[in-house]
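A quick write-up on the structure given underneath.
Residue numbers (this note's numbering), protein chains in the order written: chain A, 22 to 316; chain B, 324 to 719.
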């Protein structure tokens, strides 16, 4: 299933006049969700940047049904909503659009519960690697070494391996995606929507405001994450991992760009030491090793 | 009509079945658990066409119930105590979104220490959320009230969620004969599901994004309040219609017992109202001019009803099974402030009793009322907030 850009719908599912920052990856991501699923999606949005990005009531920049919900509750609300749609016989795709905090921290219990029950929803974790909406505080998905307003000298802990944790839930579909590769994301989203049960897509979303880089470079940053091997695109069906085409070249370590190229462009890594870069490099190698064992 | 011996919890389950609920989401907590056990049994035996979502927490229980109800189907959940506090954030969102659903709360003490017995701290903690909140006196009323609440909450004049409270163990695990009305009767009483909007792919409706004008936001709060006030007539109507079909009425918002010629009123809510009836009988035999007001609905608060009963009284004694620590019992606060609004200047005494599940007998209620009554008559009432710990241990 290959997605050709010219075949994507022209209808606008994300409208002008949103409250997103310049260069916002979430605004881009929401556009791709609309392109992928069209009018079949109902979006469940917990607290996060998208609570603001959608704009002020009675207007809304998201041209799809949106249910705003408490921070930790999105997957549980989606479970109930999916049950109702099945009973009514409505052919809807229930999409949870949650940030890294709502997914990996406060909402992790309900996420794990919905995954274990294999409820029929698509959870998209739009991962900008910190609590951006409240002003750049660290989350469990903030990478090692990164500055945030609660880690002034750099985060001392590693990024939680959430996609692997979701694979361990034995759900039918887990994938990673990146804002820098829309066709890959759209293809994965469409595949997820075609599978019954719990689907998890982890969307890497570089945030110019929180990471301190130029807002014109969001896509470039997203691609550098993949090209340095710091973010690996893959999908796992029934637990079997397949590295996605855009990440395939970087199975070979020698093809990966040095991670400094990625770190240097981001103000959040300005104070990072040589030793910390070594530690990050080792973390990247380990992540590949673990993942390749599951292929 | 079929009369079956049912615990309060099974009465809830039977009512949910009769209301043809489509989605049930719940998490185990003592003493609520047997409600969802029974409902799971109904669903798995094919007696109830509903999906049961066995969630990971009470927070998820109400969230999933809300999601299902927002999706367009009748939904139900039940909890107690810590579970209710854990889901408290969602309690606000359900009311704010105006999505009707019904929740049973088996009232239980809040820790620490661990304590499974009844008091009303958990249910009273939900007073400000915008839900319709009531408490039942016995298991028949439990069954009838769950069905009534589906009708009330789904009425377009209301469109708010509702709570049926029942006391832990005193009702939840105590068997009483309960008349189970036939399905056709309930079908004729309860219209098909109605709700203000449905989350559907047919229209890009947005619920809950940030308002451009805070005046709208405040007017949404006003509208919840106005709808609750309007719910009073819907509640009375629901009681009258139920009476026509079953011969059972609970007075709607309040129920009076021996009030006509009374001068002193005992006011309470929940299962111990049954003991208060016995206490009133005993006190009457001894020549006391007492009557009883059972508060059935705490939200909307029956201010006008209570005011019209007590307007010529000489004394009101409000029994609370919970305390707003540092202030007084919440039922007392509502009674005292609202009758004042109606210009009624009757002394109101608050008795804090039965908290943490401490048992209170009808004899003890009579004892406390007599003590307060006699000292009031002698002009010796020292304090109108009184703690009662059973026996002769009365602190004031």
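Don't be surprised by glycine CBs; every beta carbon is placed ideally from N, CA and C.
**Prompt:** Quick one: is residue 414 of chain B near chain A, going by C-beta distance under 8 Å?
**Reply:** Not an interface residue.
8 Å is my cut-off, CB to CB: does residue 72 of chain A come that close to chain B? Taking Cβ atoms only, chain B reaches closer than 8 Å to residue 72 of chain A, which makes this a yes.
Taking the continuous beta strand (DSSP E) assigned at residue 622 of chain B, which residues delimit it? Taken as a continuous stretch (DSSP letters only), the beta strand (DSSP E) holding residue 622 of chain B covers 620-622.
Spell out whether any CB of chain A is found under 8 Å from the CB atom of residue 526 of chain B. Yes, because at least one Cβ of chain A sits closer than 8 Å to the Cβ of residue 526 of chain B.
Might you give, ordered along the chain, the residues of its own chain that have their beta carbon closer than 8 Å to the beta carbon of residue 91 of chain A, omitting 5 neighbours on each side?
Contacts found: 67 and 68.
| query | According to DSSP, which residues form a beta bridge with residue 530 of chain B? | reply | Per DSSP, A/88.
Beta carbon of residue 194 of chain A nearer than 8 Å to that of residue 300 of chain A: With respect to the 8 Å criterion, residue 194 of chain A and residue 300 of chain A are not classified as neighbours on the basis of their beta carbons.
If residue 430 of chain B and residue 443 of chain B are in contact, beta carbons under 8 Å, what's the gap, nearest whole angstrom? That belief holds up - the Cβ atoms of residue 430 of chain B and residue 443 of chain B are roughly 5 Å apart, short of 8 Å.
Tell me, which residues are paired with residue 710 of chain B by DSSP? Per DSSP, B/675 and B/718.
inquiry  = Using only the alpha-carbon positions, how far apart do residue 109 of chain A and residue 294 of chain A sit?
reply    = Taking the straight line joining both Cα atoms gives about 57 Å.
- Quick one: does residue 216 of chain A have its CB under 8 Å from some CB of chain B? Cβ-Cβ to chain B under 8 Å: no for residue 216 of chain A.
For residue 152 of chain A, which of helix, strand or coil comes out of DSSP? Residue state, collapsed to three classes: strand.
request  = Compare the beta carbon distance of residue 550 of chain B and residue 481 of chain B with 8 Å and say whether it is the shorter of the two.
outcome  = Cβ distance < 8 Å, so residue 550 of chain B and residue 481 of chain B count as in contact.
ask   = Roughly how many angstroms lie between the CA atoms of residue 386 of chain B and residue 98 of chain A, to the nearest whole one?
value = Per the coordinates, the alpha-carbon of residue 386 of chain B lies some 5 Å from the alpha-carbon of residue 98 of chain A.
Along the chain, where does the alpha helix (DSSP H) that runs through residue 442 of chain B open and close? Residue 442 of chain B -> no alpha helix (DSSP H), and no H or E assigned at all.
Exercise. At a CB-CB cut-off below 8 Å, which residues of chain B make contact with residue 51 of chain A?
Worked result: The premise fails here: residue 51 of chain A is roughly 13 Å from chain B at the closest Cβ pair, so nothing lies under 8 Å.
Inter-residue Cα distance where the pair is residue 715 of chain B and residue 704 of chain B: Distance between the alpha carbons of residue 715 of chain B and residue 704 of chain B: 17 Å.
Practice problem: State whether the segment 609-622 of chain B contacts the segment 581-591 of chain B, with contact taken as three or more CB pairs (one from each stretch) at a distance under 8 Å. | Solution: Of all C-beta pairs linking the segment 609-622 of chain B to the segment 581-591 of chain B, three or more are shorter than 8 Å, placing the two stretches in contact.
What residue from A/43, A/96 and A/55 has the CA that sits closest to residue 33 of chain A's CA? Measuring from the Cα of residue 33 of chain A, the nearest candidate turns out to be A/55.
Any 3 or more C-beta pairs closer than 8 Å across the segment 143-155 of chain A and the segment 80-94 of chain A
The segment 143-155 of chain A and the segment 80-94 of chain A do not touch, with fewer than 3 CB-CB distances between them shorter than 8 Å.
inquiry  = I want to verify the contact list: residues of chain A whose CB lies under 9 Å from the CB of residue 709 of chain B, in sequence order.
reply    = By Cβ distance, chain A contributes nothing, its closest Cβ being about 40 Å from residue 709 of chain B, past 9 Å.
Does the Cβ-Cβ distance between residue 577 of chain B and residue 628 of chain B come in under 8 Å?
If you check the CB distance, residue 577 of chain B and residue 628 of chain B come in under 8 Å.
Chain C within 8 Å of residue 39 of chain A, Cβ atoms only: Included in the structure are the protein chains A and B, with no chain C among them.
(Q) Taking 8 Å as the threshold (beta carbon to beta carbon), is residue 87 of chain A in contact with chain B? (A) Chain B contact via Cβ: present.
Could you tell me the distance, in whole angstroms, from the CA atom of residue 138 of chain A to the CA atom of residue 247 of chain A?
Approximately 32 Å between the Cα atoms of the pair.
Practice item. Quick one: residues in its chain with C-beta nearer than 8 Å to the C-beta of residue 207 of chain A, no 5 flanking neighbours on either side, listed in chain order? Key: Only 24, 29, 53, 56 and 57 meet the Cβ criterion.
**Asked** residue 588 of chain B bridges to which residues according to DSSP?
**Response** Beta-bridge partners assigned by DSSP to residue 588 of chain B: B/614 and B/639.
Practice task
Work out the CA separation of residue 346 of chain B and residue 512 of chain B for me, nearest whole Å.
Solution key: Each residue's alpha carbon lies about 21 Å from the other.
Exercise. Please confirm whether any heavy atom of the ligand SAM lies closer than 7 Å to the CB of residue 540 of chain B.
Key: Because no ligand of any kind appears in the structure shown, any question about the ligand SAM cannot be addressed here.
message: Which of the three DSSP states is assigned to residue 382 of chain B in this structure?
response: DSSP, reduced to helix, strand and coil, places residue 382 of chain B within a helical segment of the structure shown.
**Prompt:** Using the beta-carbon count (16 or more within 10 Å), is residue 506 of chain B buried or exposed?
**Reply:** By the neighbour-count rule (16 or more Cβ atoms within 10 Å), residue 506 of chain B is not buried but exposed.
Q) Who does residue 486 of chain B pair with in a DSSP beta bridge? A) Answer is B/426 and B/456, bridged to residue 486 of chain B.
Review point. For residue 472 of chain B versus residue 487 of chain B, is the C-beta distance shorter than 8 Å?
Key: Yes, the pair counts as a contact, with Cβ atoms nearer than the cut-off.
In this structure, how does DSSP classify residue 257 of chain A when only helix, strand and coil are distinguished? Here residue 257 of chain A sits in strand by DSSP.
Where does residue 211 of chain A sit, in a helix, a strand or coil, going by DSSP? Reduced to three states, the DSSP call for residue 211 of chain A is helix.
* Excluding the 5 residues preceding and the 5 following residue 271 of chain A in the sequence, name in chain order all residues of the same chain whose CB lies nearer than 6 Å to its CB. => Beyond the five residues adjoining it in sequence on each side, residue 271 of chain A comes within less than 6 Å, by CB distance, of 250 and 277 in the same chain, given in chain order.
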